[in-house]
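Per our numbering, the sequence shown runs over residues 25 to 341. The beta carbon of each residue, even a glycine, is placed where N, CA and C say it ideally should be. Here's the structure, in structure tokens; my notes come after.
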Amino acid sequence: MIINTGARTDTVQYYSEWLLTRFSEGYALARNPLFPNKITRYELTPDKVDCVVFCSKNYEPILPRLHEITDRFPTYFHYTITAYGRDIEPGVPSIEESMDTLIRLAKQVGRQRVAWRYDPVLLTEKYTIPLHLETFERMAQRLAPYIDRCIFSFVEMYKKLETNMPELIPLTEEDRDALARGLGEIAGRYGIFLQTCGTNGDFSQYGIHASGCMTLDILGKANGIAFKNRKHKGLRQGCHCIESRDIGAYDTCLNGCRYCYANKSPQKARDNYKNCDPASPLLLGHVRPEDTIIQGAQQSFLAKKQPEQDMTLRIQL
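Right, here's the structure in full:
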């Protein structure tokens, strides 16, 4: 089974103590977002978890103690760094700070386990195509020696975004093509493996690969382990990723990104943040008398399950 720590919230940035405690105690509880009285228990032990996947916009809070997880589990890290400032991503560190932290992360865990995410790509009067390409090149030049790949996607125009970002300029096919061509050319200059995520069209003519961002092939090569030849069901329509289980919760991220799908409102996230008890097995609150706890299915994807993974994989920089 693959554990995902960052699809519902930026657990690393805001709930590091809780996350480390869960791995220390060997289990976590996750409340069903559709049926709040139903809770699933997941064992967080090497014999039950094939790989732990992280996704964050700031790994600084967890870096000093990250070895508590990486020493025991295969891991992979998605680090999102975009061209946007605090007008769009209020709680995210600056580009320079973020790049410094990514480099420190790569030196600690190995470049083969770090993917730089440049997404979502969106346009406003401020964030134009030339600005995207200029910023992407500056970042690519510095990050290329420290990353396994770069993943980008175009913003999805869901209804809530029309309210949260009225200044958003809808992407035309010409815009997408110009951005993909430019990003592909820059990635090629710096030797970066560039891929799309989700249903973003075919841009292979620009050297851009179409793939899931969390596949068994990626996770296996990063950690030197072999997985079964298993169909990737994905997390949503058009997704090519391997299925995973998230132990976080929606409406809890304080980054405040205006394009975010995981928060109903910044205020709700701030209110929920106060309900996190680092000692609780749930990210928010505690188990209630009316709750029902079930054991989550934790089928291994490994080709050959070993009693304990060898975590002495050589760091590559």
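Environment of residue i [buried if 16+ CB atoms lie within 10 Å]
i: D74; result: buried
i: K292; result: exposed
i: T106; result: buried
i: Y39; result: buried
i: L90; result: buried
i: D241; result: exposed
i: R32; result: buried
Reference residue i; option with closest CA among the options
i: E161; options: K81, T125, L207; result: L207
i: R110; options: Y283, R55, V138; result: Y283
i: T29; options: I86, F59, D71; result: I86
i: Y51; options: I271, V311, G280; result: I271
i: P70; options: Y142, L43, V36, T94; result: T94
i: G141; options: L218, M181, G248, G244; result: One detail in the question is off: residue 141 reads as Arg in this sequence, not Gly. For the residues L218, M181, G248, G244, the minimum Cα distance to R141 belongs to L218.
i: E120; options: E191, L58, L167; result: L167
i: A54; options: F325, H310, Q323; result: H310
i: V77; options: P57, S228, D34; result: D34
DSSP-derived helix/strand/coil call for residue i
i: Q132; result: helix
i: L337; result: Unreliable placement is indicated for L337, whose pLDDT of 47 sits below 50; the coordinate value is still reported in the next sentence. DSSP places L337 in coil when its eight states are reduced to three.
i: Y38; result: helix
i: R65; result: strand
i: T159; result: helix
i: L147; result: strand
i: T125; result: helix
i: Q219; result: strand
i: H91; result: helix
i: L192; result: coil
i: A293; result: helix
i: L278; result: coil
One or two residues paired with residue i in a DSSP bridge
i: W140; result: Y103, C174
i: N28; result: V77, D270
i: T152; result: DSSP output for T152 lists no bridge partner at all.
i: Y51; result: E67
i: T316; result: K62
i: F97; result: Answer is none; F97 lacks a bridge partner.
i: A234; result: T220
i: F325; result: The partner list for F325 (beta bridge, DSSP) is empty, contrary to what the question assumes.
Neighbourhood of residue i by C-beta, 7 Å cutoff - its chain only, sequence neighbours within 5 removed
i: N296; result: D275, T276, L308
i: N61; result: E314, D315, T316
i: E84; result: T125
i: I193; result: L147, T148
i: G244; result: A250, F251
i: A327; result: A250, F251, K252
Contact set for residue i: own chain, Cβ-Cβ below 8 Å, skip 5 residues either direction
i: I318; result: K62, I63, T64, R65
i: Q165; result: Y214
i: L44; result: I86, R89, E92, I93
i: Y151; result: A107, Y108, I112
Close Cβ partners of residue i (< 6 Å) along its chain, the five nearest in sequence each way excluded
i: N82; result: Q37, P117
i: I175; result: A139, R141, Q219, C221, C237
i: F47; result: L68, I93
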